[in-house]
Amino acid sequence: MPLTLATVPCLSDNYAYLIHDPAAGRTAVIDVPEAAPVLAALSEHGWSLDEIWITHHHHDHVGGVDTLRNETGARVTGARADDHRLPRLDRAVAPGDSFDFAAAPVEVIEVSGHTVGHVAFHIPAAKMAFTGDSLMGLGCGRLFEGDAAMMWDSLCRLRVLPGDTLICSGHEYSQSNARFALTIEPDNAALAARAAAIDAARAAGEATVPVRLSLELETNPFLRADQPALKDRLGLTGTPDAEVFGEIRRRKDSF
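Residue numbers (UniProt numbering): 1 to 255.
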C-alpha cells in the first residue's frame, strides 16, 4: 500500500508523523506535541487532515490535539483505557482492535510500560508501526508507570513484527541512546556502524528516525536482553530475560 510518510519535528526533540493516502486523499497524524508544525507541514504538502491518533497521554504527545482538531475537524482516536486523561476521543480503541485508514487495516498493539494504557499503531500493508515512547531508536521509554516485565512483554510484541517494518518513534534520542548502547555491547559491529551514521546525520541536521525493525533487532540493547552473549557480558548468565531488560533500563536511567 503506497502511503506517503512525513516526519514533523516538534518542541525540542519530539516528532509527529503524517501519513497520506494519495488514492483516497486522506491524511492522519500520529501524536501532536504542538499544532503549529503539523499545520505548517499539512500546508506545505497541500493535505487536509482527517484523523489524529494518540499513542499515550503525556503532554508532549497530546499538547496540540485540541487546537489541531479545532483547526481541521479531524477525528481523534486513542486508547479506551486512557480515555480519562486524553483529549476527547471520537473513537476509543483497545489492544487487539483494528480499524481502517483509507483501504488499510490499522492494528492496535498494547505497549504499556512507559505509561499504562500506551498503544502502538501498526499498518501491515504499509509496513509502518507508530510506537510513541515504547520502542524508540536504539532505546525505549522510561518506566514511569509500568515495570520491567510489562515493558519487556510490550517490546516482545513489537519485535515479532516483520523485520522490514518502519518503526516511527516519538523522539530524537538516537545519539545519546547509541552512546549508551555501546556500553552494553561494545563489540557489536552493526551498532558501531549505526552510531557513526547517527552522528553524521545529526551533524547534518537530519532526523535519525524512523528506522527499520531489522536494524533495531541488531543494535538496540533493549530488544536484545535475551541474547546469551549480552547476558554474559553483563554478568547475568541464566537470568530471566525481563530481569536483564530491567538491569539495562536501570543502567540507562543513570547513564
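Note that the Cβ used here is the ideal one computed from N, Cα and C, for glycine as well. The structure displayed is predicted, hence computed values, not measured ones.
Within the model, the alpha-carbon separation for A195 versus A178 is close to 5 Å. In the structure shown, G139 falls within a strand segment according to DSSP collapsed to helix, strand and coil.
Shown here for A207: same chain residues with a beta carbon closer than 6 Å to its own, the five before and five after excluded, namely T7 in chain order. Within the same chain, H122, A129 and L213 come within 7 Å of L161 by CB-CB distance, once the 5 residues on both sides are set aside. Taken through DSSP and simplified to helix, strand or coil, S98 comes out as strand. In the DSSP assignment, F255 is bridged to no other residue. Using a C-beta cut-off of 8 Å, the region 92-106 makes no contact with the region 68-75, since fewer than three inter-stretch Cβ pairs fall below that distance. Burial state of R249 is buried, judged by a 10 Å Cβ sphere holding 16 or more other Cβ atoms. Look at D21 here: in three-state DSSP terms it is strand. Contact between L215 and P221 is absent: CB atoms are separated by about 13 Å, not below the 8 Å threshold.
Setting aside the 5 residues that flank it on each side, D83 is surrounded in the same chain by L89 and A92, each with a C-beta closer than 8 Å to its C-beta; the list follows chain order.
If you ignore the 5 residues before and after I198, its C-beta comes within less than 7 Å of the C-beta of S174, Q175, A178 and T208, all in its own chain and listed in chain order.
Rounded to the nearest angstrom, the gap between the Cα atoms of M136 and T219 is 12 Å. A242 sits buried, since 16 or more C-beta atoms from the chains shown fall within 10 Å of its C-beta. If you draw a straight line from the Cα of L39 to the Cα of A28, it comes to about 12 Å.
A distance below 8 Å separates the beta carbons of H56 and H114. Cα atoms of I109 and F245: separation of roughly 20 Å, rounded to the nearest angstrom.
In this structure, the beta-carbon distance from V32 to G64 falls below 8 Å.
T4 is the residue among R157, T4 and L217 whose C-alpha sits nearest the C-alpha of A23. At a cut-off of 4 residues, the continuous stretches assigned as alpha helix (DSSP H) that sit fully inside the UniProt domain "Metallo-beta-lactamase" (13-171) are 35-45, 59-62, 65-72 and 148-159. When the alpha-carbon of I54 is set against those of Y15, T239, L182 and E44, the nearest one is in Y15. When only Cα atoms are considered, M151 and S169 end up about 15 Å apart. Assigned with DSSP and collapsed to three states, V244 falls in helix. Taking the CA atoms as reference points, H20 sits about 47 Å from G235. One Cα belongs to H58, the other to I167, and the distance between them is close to 20 Å. Here L5 carries a strand assignment [DSSP, helix/strand/coil].
Here L158 is actually not in contact with T183; their C-beta atoms are around 23 Å apart, not less than 8 Å.
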